[in-house]
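In full-length UniProt numbering, the protein residues as written are 1 to 417.
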């Protein structure tokens with residue numbers, strides 16, 4: 001890796017976040033800081049981002065999963081913290097590598113053989129990174145709990161710029177048409193949505209309506225003309241797109257913490273009020289709500305071809321719902337909370353669980369095809385790259401308690417057949 005340039009070492013002093021859980025921030029907010037823009041990424045199209053694209057549908061129809069699954073490698077030490085938010089998920093590069101952030105504050109690029117191509121770091125690592133990057137312009141865009149959005153060179157890991165936006169970022173960035181969109185947390189006021197120029201890092205749009213430390217991941221639906229995001233204040237917020245004028249807010253009974261997906265003129269999302277919702281993107285009216293037996297932090301996967309919504313719940317079940325009516329088609333009980341998002345890969349649904357397993361289910365029936373067991377609490381979203389499954393788990397309780405035999409969280413590659 002070449003020496004770091006001046007832009008890679010400039011930046012502002014980091015600060016420590018206090019509070020044991022997301023939303024428990026006590027210090028006064030800090031002002032946005034100037035970017036270092038002596039190095040800029042090129043301006044080209046997007047390559048990959050969390051849930052597969054701006055609509056966050058989590059559907060990969062041409063992907064195939066292993067038939068004889070084997071854990072080919074594990075890289076430990078990616079996640080070492082006790083923060084309960086879902087962990088960041090791997091995202092594929094155009095040439096078959098994966099980029100994986102962790103709550104240590106480090107971002108790594110891995111080859112399919114498990115070799116580390118480069119490691120980059122954010123400036124404050126108390127809680128590190130929980131959002132999954134967007135890859136565009138040959139650049140890795142990711143937010144961190146130091147309240148900054150970062151742009152790293154995809155090839156070398158060198159930092160292009162750092163834009164300080166608030167006091168914490170736990171959401172995943174979204175990219176469209178040269179702008180990176182991300183939800184940001186403040187101490188006071190307690191939230192905002194930003195649009196940041198992908199090349200320069202300059203703020204091009206800001207709205208402070210989302211409150212109570214939002215870390216939901218936004219969706220952009222160009223056909224419906226909407227940008228939508230959830231917030232811990234229990235509201236789903238919508239703006240017109242691409243002009244980004246405020247349109248409406250829809251209220252649920254508790255926090256909206258997970259990603260929002262869009263399909264067929266509607267937004268699909270879960271709430272901590274134990275429901276999964278479908279809301280009309282045009283006017284914010286409720287189309288249906290399905291009650292589960294636990295909080296819903298998982299983000300839905302929405303498949304247009306079968307008109308099906310796949311989503312997890314704290315009640316340990318993965319649900320397949322009729323997208324038009326919300327009727328339950330099937331459920332699968334994993335035995336542990338599901339806080340990460342299901343991924344649809346061809347004929348299968350992949351989902352991680354707090355029971356220490358990553359499951360592959362038959363899409364049509366919900367029957368278990370296979371599972372990787374004993375890996376740890378899987379709160380990241382599984383991703384399939386060239387027939388292999390990648391996911392990350394949390395640090396084990398024994399590790400967090402200081403046990404020398406305890407296991408830090410890692411990233412896994414599952415291949416075979």
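Glycine included, every Cβ here is placed at the ideal spot set by N, Cα and C.
| field | Residue interval of the alpha helix (DSSP H) (run including residue 397) | value | Within the chain shown, numbered from 1, the residue matching residue 397 stands at position 397. Run containing residue 397: 397-400, per the alpha helix (DSSP H) assignment.
| query | Going by other Cβ atoms of all chains shown within 10 Å of its Cβ, with 16 needed for buried, is residue 246 buried or exposed? | reply | Counting from 1 along the chain shown, the entry for residue 246 is found at position 246. Residue 246 is exposed by the Cβ-count criterion.
| task | Starting from the Cα of residue 342, find the closest Cα among 81, 106, 270, 381 and give me that residue. | result | Along the chain shown, one-based indexing puts residue 342 at 342. Among 81, 106, 270, 381, the Cα nearest to that of residue 342 is on 381.
| task | Consult DSSP for residue 275 and reduce its assignment to one of helix, strand or coil. | result | Position 275 of the chain shown, counted from the first residue, corresponds to residue 275. Note: residue 275 maps to strand in three-state DSSP.
| For residue 352: DSSP bridge partner residues | One-based indexing of the chain shown puts residue 352 at position 352. In the DSSP assignment, residue 352 forms a beta bridge with 358.
| message | Here's the rule: buried if 16 or more other CB atoms are within 10 angstroms of the residue's CB, otherwise exposed. What is residue 275? | response | Walking along the chain shown from the start, residue 275 turns up at place 275. Buried is the call here.
| query | Which residue or residues does DSSP assign as beta-bridge partners of residue 236? | reply | Translated into positions along the chain shown, residue 236 becomes position 236. Under DSSP, residue 236 shares a beta bridge with 230, 250.
| request: Please report the residue range of the beta strand (DSSP E) in which residue 269 lies. | output: Here residue 269 is taken as the residue at index 269 of the chain shown, counted from 1. Counted as a single uninterrupted DSSP element, the beta strand (DSSP E) harbouring residue 269 occupies residues 266-270.
| field | Secondary structure of residue 52, DSSP reduced to three states | value | Against the chain shown, residue 52 aligns to sequence position 52. In the structure shown, residue 52 sits in a helix (DSSP, three-state: H, G or I).
| request: Please list the segments of the beta strand (DSSP E) lying wholly inside the segment 266-336, counting only runs of 3 or more residues, in order along the chain. | output: 266-270, 275-280, 286-291, 301-303, 308-312, 317-322, 328-333
| request: Could you tell me the distance, in whole angstroms, from the CA atom of residue 27 to the CA atom of residue 378? | output: Taking the chain shown and counting its residues from 1, the one referred to as residue 27 is at position 27. Taking the chain shown and counting its residues from 1, the one referred to as residue 378 is at position 378. Low per-residue confidence applies at residue 27: pLDDT is 37, beneath 50, and the placement is therefore not dependable, though the value from the model is reported in the following sentence. Cα to Cα, the separation comes out at about 31 Å.
| task | Keeping to the same chain, check which residues put their C-beta closer than 7 Å to that of residue 165; ignore five residues upstream and five downstream. | result | Here residue 165 is taken as the residue at index 165 of the chain shown, counted from 1. The answer, listed in chain order, is 32, 147, 148, 149, 184, 194.
| message | Quick check: the Cα distance between residue 212 and residue 258, rounded to an integer number of angstroms? | response | By one-based count along the chain shown, residue 212 stands at place 212. By one-based count along the chain shown, residue 258 stands at place 258. Approximately 14 Å, taken between the alpha carbons.
| message | My parser needs the beta strand (DSSP E) runs of 3 or more residues fully inside the segment 65-106; what are they? | response | 70-79, 98-101
| field | Outcome for residue 251 when other beta-carbon atoms lying within 10 angstroms are tallied against a minimum of 16 | value | The residue labelled residue 251 in the question sits at position 251 within the chain shown. So residue 251 counts as exposed.
| query | Roughly how many angstroms separate the alpha carbons of residue 63 and residue 386, rounded to a whole number? | reply | Indexing the chain shown from 1 puts residue 63 at position 63. Indexing the chain shown from 1 puts residue 386 at position 386. If you take the alpha carbons of residue 63 and residue 386, they lie about 8 Å apart.
| Mind checking residue 303: buried by the 16 CB within 10 Å criterion, or exposed? | Taking the first residue of the chain shown as position 1, residue 303 is located at position 303. Residue 303 comes out buried.
| Status (buried if at least 16 other CB within 10 Å, exposed otherwise) for residue 360 | Here residue 360 is taken as the residue at index 360 of the chain shown, counted from 1. By the Cβ neighbour-count rule, residue 360 is buried, with 16 or more other Cβ atoms within 10 Å of its own.
| Pairing CB atoms from the segment 65-80 with CB atoms from the segment 311-324, are three or more of them under 8 Å? | no
| Do the segment 54-73 and the segment 100-109 touch if we need at least three Cβ pairs shorter than 8 Å? | no
| Per DSSP, the bridge partner or partners of residue 164 | In the chain shown, counting from the first residue as 1, residue 164 sits at position 164. Residue 164 is bridged to 148.
| message | Contact between the segment 228-236 and the segment 255-270 is defined here as three or more beta-carbon pairs at a separation below 8 Å; is this criterion met? | response | yes
| query | Is DSSP giving residue 218 helix, strand or coil here? | reply | As a working note, residue 218 is residue 218 in the chain shown. In this structure, residue 218 counts as coil in the three-state DSSP scheme.
| query | Mind checking residue 101: buried by the 16 CB within 10 Å criterion, or exposed? | reply | Residue 101 sits at position 101 when you count from the first residue of the chain shown. Residue 101 should be labelled buried.
| request: Spatial neighbours of residue 49 within its chain, please: CB distance less than 8 Å, with the 5 preceding and 5 following residues excluded, ordered by chain position. | output: Reading the chain shown from its first residue, position 49 is the one you call residue 49. Answer for residue 49: 91, 132, 133, 134, 135, 136, 172, 173, 174, 175, listed in chain order.
| query | From 242, 367, 334, pick the residue whose C-alpha is nearest to that of residue 356; which is it? | reply | Residue numbering aside, residue 356 sits at position 356 when the chain shown is read from its first letter. Of the listed residues, the one whose Cα sits closest to residue 356 is 334.
| request: Go ahead and pull the three-state DSSP assignment for residue 130. | output: Here the question's residue 130 lines up with position 130 in the chain shown. Note: residue 130 maps to coil in three-state DSSP.
| Since residue 67 contacts residue 417 with CB under 8 Å, what's their CB separation in whole angstroms? | Locating residue 67 in the chain shown gives position 67, where the first residue counts as 1. Locating residue 417 in the chain shown gives position 417, where the first residue counts as 1. Confirmed, about 4 Å.
| request: Look at the alpha carbon of residue 362 and the alpha carbon of residue 163, and state the distance between them as a whole number of angstroms. | output: Taking the first residue of the chain shown as position 1, residue 362 is located at position 362. Taking the first residue of the chain shown as position 1, residue 163 is located at position 163. Rounded to whole angstroms, residue 362 to residue 163 spans 43 Å at the Cα level.
| query | What distance in whole Å lies between the Cβ atoms of residue 241 and residue 226, which are believed to be in contact at a cut-off of 8 Å? | reply | If you number the chain shown from 1, residue 226 lands on position 226. If you number the chain shown from 1, residue 241 lands on position 241. That pair is a contact at about 5 Å.
| task | Report the three-state DSSP secondary structure of residue 392 (helix, strand or coil). | result | Here residue 392 refers to the residue found at position 392 when the chain shown is read from its first residue. DSSP places residue 392 in strand when its eight states are reduced to three.
| query | Considering only residues of the same chain and omitting the five flanking positions on each side of residue 209, which have a CB-CB separation below 6 Å? | reply | Reading the chain shown from its first residue, position 209 is the one you call residue 209. These residues qualify, in order along the chain: 237.
| Per-residue DSSP class, three states only, for residue 378 | Start at 1 with the first residue of the chain shown, and residue 378 comes out as number 378. Coil.
| Roughly how many whole angstroms lie between the Cα atoms of residue 71 and residue 397? | Along the chain shown, read from residue 1 onward, the residue named residue 71 stands at position 71. Along the chain shown, read from residue 1 onward, the residue named residue 397 stands at position 397. About 22 Å.
| query | Which of helix, strand or coil does DSSP assign to residue 122? | reply | In the chain shown, counting from the first residue as 1, residue 122 sits at position 122. DSSP places residue 122 in coil when its eight states are reduced to three.
| message | Checking 9 Å against the spacing of the C-beta atoms, do residue 298 and residue 340 come in under that value? | response | Taking the chain shown and counting its residues from 1, one reaches residue 298 at position 298. Taking the chain shown and counting its residues from 1, one reaches residue 340 at position 340. Cβ atoms of residue 298 and residue 340: closer than 9 Å.
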